[in-house]
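Following: one structure in structure tokens, then a few remarks.
4 protein chains.
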Amino acid sequence: MGIRVAVAGASGYAGGELLRLLAGHPEFDLVAATAHSQAGTHVTAVHPQLAGLDLTLGVTDAAGLSDADLVFLALPHGQSAAVAAQLPPEVKIVDLGADFRLKDGALWGKYYGGEHAGTWTYGLPELPGQRELIKGSTRVANTGCYAATITLALAPLIASGLADPADVVVVASSGTSGAGRSAKVNLLASEVMGDLSPYKVGAHQHVPEIKQATGATALSMTPVLAPMPRGILATVTARFAGDGDPRQVLLDAYAEEPFLHVLPAGQWPHTAATSGSNSCHLQATVDVDSGRIIVVSALDNLGKGASGQAVQCANLMFGLPETMGLSVFGVAP
Amino acid sequence: MGIRVAVAGASGYAGGELLRLLAGHPEFDLVAATAHSQAGTHVTAVHPQLAGLDLTLGVTDAAGLSDADLVFLALPHGQSAAVAAQLPPEVKIVDLGADFRLKDGALWGKYYGGEHAGTWTYGLPELPGQRELIKGSTRVANTGCYAATITLALAPLIASGLADPADVVVVASSGTSGAGRSAKVNLLASEVMGDLSPYKVGAHQHVPEIKQATGATALSMTPVLAPMPRGILATVTARFAGDGDPRQVLLDAYAEEPFLHVLPAGQWPHTAATSGSNSCHLQATVDVDSGRIIVVSALDNLGKGASGQAVQCANLMFGLPETMGLSVFGVAP
Amino acid sequence: MGIRVAVAGASGYAGGELLRLLAGHPEFDLVAATAHSQAGTHVTAVHPQLAGLDLTLGVTDAAGLSDADLVFLALPHGQSAAVAAQLPPEVKIVDLGADFRLKDGALWGKYYGGEHAGTWTYGLPELPGQRELIKGSTRVANTGCYAATITLALAPLIASGLADPADVVVVASSGTSGAGRSAKVNLLASEVMGDLSPYKVGAHQHVPEIKQATGATALSMTPVLAPMPRGILATVTARFAGDGDPRQVLLDAYAEEPFLHVLPAGQWPHTAATSGSNSCHLQATVDVDSGRIIVVSALDNLGKGASGQAVQCANLMFGLPETMGLSVFGVAP
Amino acid sequence: MGIRVAVAGASGYAGGELLRLLAGHPEFDLVAATAHSQAGTHVTAVHPQLAGLDLTLGVTDAAGLSDADLVFLALPHGQSAAVAAQLPPEVKIVDLGADFRLKDGALWGKYYGGEHAGTWTYGLPELPGQRELIKGSTRVANTGCYAATITLALAPLIASGLADPADVVVVASSGTSGAGRSAKVNLLASEVMGDLSPYKVGAHQHVPEIKQATGATALSMTPVLAPMPRGILATVTARFAGDGDPRQVLLDAYAEEPFLHVLPAGQWPHTAATSGSNSCHLQATVDVDSGRIIVVSALDNLGKGASGQAVQCANLMFGLPETMGLSVFGVAP
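Sequence lines, in order, name chains P, D, Z and V.
All residue numbers for the first sequence refer to the UniProt record's numbering, where the first residue is 1 and numbers rise by one.
All residue numbers for the second sequence refer to the UniProt record's numbering, where the first residue is 1 and numbers rise by one.
All residue numbers for the third sequence refer to the UniProt record's numbering, where the first residue is 1 and numbers rise by one.
All residue numbers for the fourth sequence refer to the UniProt record's numbering, where the first residue is 1 and numbers rise by one.
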């Protein structure tokens, strides 16, 4: 008998990816999946890619979730705290929402609105010391998808002194699943295919999360919606403030990491290579002409950017091998 | 120590998918991967999605392959026979090419040109009796991607007498990876995105393979190249010649099949739900107005249409659980 | 001073394409564009591709439209009759909806529901005799997008006796703009990209329209949603019932048509080549093996399939050159 | 009898777009189109979107081009000089290649290799004073596609003192037609769909052209290949060095420009809205948190980024209305 697992908010894209990963996980037994408006529906009507999985979506409440040893919350931002409050303290929780990521309540209010619910252990195992914190936690706040992509690129370079934390410019493009499964005209295939569109320019809610995780003090971020279902490509540039090779810094920082791949010199990350995996691909160089470091990172926003990362954290929380049930390799082309 | 496996023709799309599946297979140990022009190259330079796999591509010859217990041939049509001839009889082989699929040498000559190399056990386990044949074979000819999609939809309906084998019309659309990894102008992204283009109208080389596998005697097939990297959607219609429910026929035929999913009534297959998996989704109805059965099947041309199917056959050939190392669930969205 | 033109239902995709065409038309002066929920909005907030056009959307009522010499109705099915009834008889109308296409009220009820509003002149100038009827009409019912694509492929072949009207099988794939600009989950980019999905299998509402226009008596149609914003590709097969060359029949039928292009033998139509144009590309062959004619036609569902066709009809209704304001050439790649 | 026009290099994407624009131009008569390997081919075999245009591609030499009053050169970089040298001085030439754009021959050598051919009038009419220079020129060097997109965003802000010319960071994504019609594996649809991939990071050949045109002194540029056939989206950030509203600066600079649209505040450019047009959409803001101006510009790389721009220049060179034969409006969705 394995570890009993439930997913709240299973009808969205992150929820569906969680179900896929959990259905193939050797130790986690999926015992419940809940959804708001889709409660009572068979999971394959909502996620046809899971044909063969016999499961009916339940209601998101304490009764439906408390029977689990581990609960993943894949709810809209602002809804996790109420559900978490109903669960017994011994039930371990990974929250894929933003509710418990920020330490600064004022920043929460500014970017998300409403009252700050609190701060949980930040679920990015590859940050220094963070893996041990996650292992000892019963409550983990999973990273934002952009935040994971950018933090993995930036944190070691600021820590090493090579990148000026006060001069960081990011342009990051995301596939559409990052915008969620909500029926909005601007997310229609007709609008998105053949199109690149920036949004929340200079005002994205992941900026304070990235600053908190990397130590950056001034960071300009332009998010762009790209015509592909999955993937984030972040181009992170910072003033070259030190002396050294940024690629070597990444290599040293991530030498032992199973999911982080600093590519051979000259080979740049691209999103399709990470699709369906829990990997993040990285490359860095110094643009001598402009005096800036350029780092590019790519990952699957539903993998290492959300659900894969959440399973990785859960593996740590239960003392399982960190890579269990996750794929290092992308599904391409 | 597991079963030693080699892949010949590892630089193409089917080859890359084989490597991905084998790298995650519990019993198959990937010991060699060969390629023609890319020999000497690290596999991740050719398949960046496999970052983390330490393997250098070798030369496709007997020396590079004979050390294996199992060899997958993912070579251009017409090249398998020469390589197979160099391998000892105790090395088991699954050929993903067309060389050994047809029983009729004249049809081979008509559709592929050149001399017919012979006929191996046809690698579609879900055909009646075929699973046992594959288990007892050391040489298996994997299905064509269109052939698998269409045969799975059509064979039980002809066998049941519901579909008239002399009146079959198929329109099937494929993602671009089905056309291989060759640098041709008509396969450029600029040409394909936003476009649907028919090709080999009434003249596709899978037609004789489908007839052989299903018993169809007259079959019109129009293949269409679709703007997506993976997936085949086949719309198969046949004159309704009998009495009964075609969906029930499919349900009965495939009740025990782990990878074949006849969807709930009213829900139609779509390709994205099968992406990255070894599943095939099916649905059927009778179009009363026109007196025709309409069956739609969807699968991943690199999964159940090629590399996944090949691993499924290999599992059978080695007495392993048929689903080992394969996913029932698609990666979507 | 040109002809005064208004567009009702200007916020949808067909409406936007009408505005684009009318803004460049030498004789039609766009005086009003109306929309339901978007009334009061500047047109460029709804259609950013029209930046440079200074126009505010008005309310769809008699006051807003009666001042025009010509009104295009691009409303949801079932809403045209009420608006048309409020317009003076001397105002010419082209209805892009389905309301007035069918002669048989019972079929209307079966496929669309509700009461049949009546029958107007069918707006497909390339049908024999139809051009003259359109010239003399003040009320024209524009074709459905699938109907136009399939009818242009099929009508001459049935008329010539080459195609058996009782044995027609069609599989037709459409870009997403054909499904309209409504915020539905199944039309989200995340769901559509990388996907082909059939819908309304054997039950599409354009079937009676095609039968009426072509004389087909039994026709199986499977529509498929394709991952591209524009374009329809129809594969039309029919039992080869006569003696002759179907390509030559099309060539003879359309020799003088400016927008219909029967391609050189061996070259098949593809959708991207018609994008943004009012052209339809055609090719035909006999599949000897199956005894069927295969005709493929491609057009832009918003061009010759909707708005371009409507402008073509309007040109005829006002005695203008039929090609005025329309492009024969596609925007590709 | 109009102005006689020839296109050299008509088989590529920019060449095809030139033919489309010229076929609809009221004053330019297309008398010849040449191509290297495709000479002798009917144009519709190479550009199916031009079905209806009766033209056979000729050989690119003086004999084939000298008969024209105006020649567009759409040749690979480095090949224009040899062809131009063969044309009489009274034949006006617009070169879409890079050969004559740079003033500094050393920079030409560094970025393109080979000998510098010279410097022609730079074909960006919206730069201060440039329109008059183009009117008086017989030789014009059309802009690079990235260069046009970025220069239009950046030049007025540097000129106004708001943007620090020594601190510019650009990330710009292009559709695949920008990479040309060459059969390369990395441009295959299978590789590109669902993918974003950076290339020539910090080393793109348009950087010196942008610096020359804008006065920027240090500029970091990361180009990204995006999964769409057309369009460039440039995110241009620069240290906010002055006092004022960057959007107002753009509004003032481009108030009279027919093809440049500074969008309403809060509305950001996206590429699809410019597809098929000669327009460029712009928006700007100050990211207070990071102290940087963010400007986003979007255009069609084959329109305002190449062929449309070339026709605009040619209109000026012949004293025609600048917008003749060009569309302000995009084809969307």
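For every residue, glycine included, the Cβ atom is placed at its ideal position computed from N, Cα and C.
How is Pro206(P) classed by DSSP in three states: helix, strand or coil? On the first sequence, position 206 is the one that residue 206(P) refers to. Before going further, note that residue 206(P) is His rather than Pro in the sequence given. If DSSP states are grouped into helix, strand and coil, His206(P) belongs with the helices.
Taking three-plus beta-carbon pairs below 8 Å as touching, is the region 299–319 of chain V in contact with the region 87–100 of chain Z? no
If we define contact as Cβ-Cβ less than 8 Å, is Gln49(Z) a contact residue for chain V? Along the third sequence, read from residue 1 onward, the residue named residue 49(Z) stands at position 49. Answer yes: the Cβ-Cβ gap between Gln49(Z) and chain V drops below 8 Å somewhere.
Please go through the same chain and pick out, in chain order, the residues whose beta-carbon is closer than 8 Å to the beta-carbon of residue 339(D), but skip the five residues on each side of it. One cannot answer for residue 339(D) here, as it falls past the ends of chain D, which runs 1 to 333.
Can you tell me which residues form a DSSP beta bridge with Lys92(D)? Numbered from its first residue, the second sequence carries residue 92(D) at position 92. The partner list for Lys92(D) (beta bridge, DSSP) reads Leu70(D).
Sequence-distant residues of its chain with Cβ nearer than 6 Å to Ala213(P) (five each side left out): Numbered from its first residue, the first sequence carries residue 213(P) at position 213. Cβ within range, chain order: Thr151.
Rounded to the nearest angstrom, what separates Gln230(V) and Thr143(Z) at their Cα positions? Stepping through the fourth sequence from its first residue, residue 230(V) is reached at position 230. Stepping through the third sequence from its first residue, residue 143(Z) is reached at position 143. It is Arg, not Gln, that sits at residue 230(V) in the sequence shown. Their Cα atoms are separated by approximately 30 Å.
Which residues in the same chain as Gly12(D) place their Cβ atom closer than 7 Å to its Cβ, once the five residues preceding and following it in sequence are excluded? Taking the second sequence and counting its residues from 1, the one referred to as residue 12(D) is at position 12. The beta carbon of Gly12(D) is closer than 7 Å to those of Ala74, Gly180, Arg181 in its chain, skipping five residues each way along the sequence.
Taking Cβ positions only, does residue 342(P) come closer than 8 Å to chain V? No answer is possible for residue 342(P): the residues shown for chain P start at 1 and end at 333.
Contact list for Gly194(Z) against chain P, beta-carbon separation under 7 Å: Indexing the third sequence from 1 puts residue 194(Z) at position 194. Within chain P, the residues near Gly194(Z) are Pro229.
For chain D, is any of its Cβ atoms less than 8 Å away from the one on Gly52(P)? In the first sequence, counting from the first residue as 1, residue 52(P) sits at position 52. So, interface residue.
Over what stretch of residues does the beta strand (DSSP E) that includes Gly123(D) continue unbroken? Here residue 123(D) corresponds to residue number 123 of the second sequence, with the count starting at 1. Element bounds for Gly123(D): 121–123.
Cβ separation of Ala163(D) and Ala51(D), assumed to be a contact under 8 Å, to the nearest whole Å: Along the second sequence, read from residue 1 onward, the residue named residue 163(D) stands at position 163. Along the second sequence, read from residue 1 onward, the residue named residue 51(D) stands at position 51. Not a contact, Cβ separation roughly 46 Å.
Gln283(P), enclosing beta strand (DSSP E) - first and last residue: Position 283 of the first sequence holds residue 283(P). Annotation: the continuous beta strand (DSSP E) that includes Gln283(P) extends over 280–287.
3-residue-minimum beta strand (DSSP E) runs that sit fully inside the region 208–291 of chain P, ordered along the chain: Listed in chain order, the complete beta strand (DSSP E) runs (minimum 3 residues) inside the region 208–291 of chain P are 219–225, 232–240, 260–262, 280–287.
Are the CB atoms of Val295(Z) and Ala216(Z) nearer to each other than 8 Å? Position 295 of the third sequence, counted from the first residue, corresponds to residue 295(Z). Position 216 of the third sequence, counted from the first residue, corresponds to residue 216(Z). Cβ atoms of Val295(Z) and Ala216(Z): not closer than 8 Å.
Tell me where the beta strand (DSSP E) around Ala166(V) begins and ends. For the purposes of this step, residue 166(V) is identified with residue 166 of the fourth sequence, where counting begins at 1. Run containing Ala166(V): 163–174, per the beta strand (DSSP E) assignment.
Kindly identify the DSSP beta-bridge partner or partners of Val296(D). To locate residue 296(D), count along the second sequence from 1; it is residue 296. Paired residue(s): Thr235(D), Gln283(D).
Short CB-CB distance (under 8 Å) between Thr176(V) and chain A: Here the protein chains are P, D, Z and V, and chain A is not one of them.
Would you report the Cα separation of Tyr112(P) and Gly136(P), rounded to the nearest angstrom? For the purposes of this step, residue 112(P) is identified with residue 112 of the first sequence, where counting begins at 1. For the purposes of this step, residue 136(P) is identified with residue 136 of the first sequence, where counting begins at 1. Cα to Cα, the separation comes out at about 28 Å.
What are the residues of the region 191–219 of chain V that lie near chain P, defined by any Cβ-Cβ distance shorter than 9 Å? Glu191, Val192, Met193, Gly194, Asp195, Leu196, Ser197, Pro198, Tyr199, Val201, Gly202, Ala203, Val207, Ala218, Leu219
Checking contacts by CB at 8 Å: is Ala189(V) closer than that to chain D? Position 189 of the fourth sequence, counted from the first residue, corresponds to residue 189(V). Chain D contact via Cβ: present.
Report back the beta-carbon spacing between Phe329(Z) and Leu53(V) to the nearest angstrom; my notes put them in contact at under 8 Å. In the third sequence, residue 329(Z) corresponds to position 329, counting from 1. In the fourth sequence, residue 53(V) corresponds to position 53, counting from 1. At roughly 7 Å, the Cβ-Cβ gap stays under 8 Å, so Phe329(Z) and Leu53(V) are in contact.
Would you please verify whether the beta carbon of Gly129(V) is less than 8 Å from any beta carbon of chain Z? Walking along the fourth sequence from the start, residue 129(V) turns up at place 129. By this cut-off, Gly129(V) is not an interface position.
Assumed close pair Glu191(Z), Pro333(D) - CB separation to whole angstroms, cut-off 8 Å: In the third sequence, counting from the first residue as 1, residue 191(Z) sits at position 191. In the second sequence, counting from the first residue as 1, residue 333(D) sits at position 333. The Cβ separation is near 6 Å, so the contact holds.
Could you pull out every residue in the same chain whose Cβ sits closer than 6 Å to the Cβ of Lys92(P), ignoring the five residues on either side in sequence? The residue given as residue 92(P) occupies position 92 in the first sequence. Here the set comprises Leu70, Thr138, Met317.
Relative to the alpha-carbon of Ala227(P), which residue among Gly305(Z), Asp29(Z), Met193(Z) has its alpha-carbon at the smallest distance? For this step, residue 227(P) is matched to residue 227 along the first sequence. Note that residue 227(P) corresponds to Pro in the displayed sequence, not to Ala. If we check each option's Cα against that of Pro227(P), Met193(Z) comes out closest.
With the cut-off set at 8 Å, would you say Thr271(Z) and Val171(D) are in Cβ contact? Residue numbering aside, residue 271(Z) sits at position 271 when the third sequence is read from its first letter. Residue numbering aside, residue 171(D) sits at position 171 when the second sequence is read from its first letter. Their beta carbons are not under 8 Å apart, which means Thr271(Z) does not touch Val171(D) by this criterion.
Output the boundary residues of the alpha helix (DSSP H) element that contains Arg131(Z). For the purposes of this step, residue 131(Z) is taken as the residue at position 131 of the third sequence. That run of the alpha helix (DSSP H) goes 130–135.
Contact check, Asn278(Z) vs Leu326(Z), beta carbons under 8 Å: Along the third sequence, one-based indexing puts residue 278(Z) at 278. Along the third sequence, one-based indexing puts residue 326(Z) at 326. Yes.
Is DSSP giving Leu109(V) helix, strand or coil here? For this step, residue 109(V) is matched to residue 109 along the fourth sequence. According to the sequence as given, residue 109(V) is Gly; it is not Leu. In the structure shown, Gly109(V) sits in a helix (DSSP, three-state: H, G or I).
Proximity below 8 Å, CB of Thr274(D) to CB of Gly303(D): The residue you call residue 274(D) lines up with position 274 of the second sequence. The residue you call residue 303(D) lines up with position 303 of the second sequence. Their beta carbons are under 8 Å apart, which means Thr274(D) touches Gly303(D) by this criterion.
Rounded distance between the beta-carbons of Val5(V) and Leu22(V), thought under 8 Å: One-based indexing of the fourth sequence puts residue 22(V) at position 22. One-based indexing of the fourth sequence puts residue 5(V) at position 5. Indeed they touch by this definition, with Cβ atoms about 6 Å apart.
Measure the alpha-carbon distance for Trp268(V) versus Leu154(V) and round it to whole angstroms. As a working mapping, residue 268(V) is identified with position 268 in the fourth sequence. As a working mapping, residue 154(V) is identified with position 154 in the fourth sequence. The alpha-carbon atoms of Trp268(V) and Leu154(V) are separated by roughly 16 Å.
In the UniProt domain "Semialdehyde dehydrogenase NAD-binding" (4–135) of chain Z, which residues sit with their C-beta less than 9 Å from some C-beta in chain V, listed in chain order? Tyr13, Gly16, Glu17, Leu19, Arg20, Ala23, Gly24, His42, Thr44, Ala45, His47, Pro48, Gln49, Leu50, Ala51, Gly52, Leu53
Nearest chain D C-beta to Lys184(V) closer than 8 Å, yes or no? Residue numbering aside, residue 184(V) sits at position 184 when the fourth sequence is read from its first letter. Judged by the 8 Å Cβ criterion, Lys184(V) is in contact with chain D.
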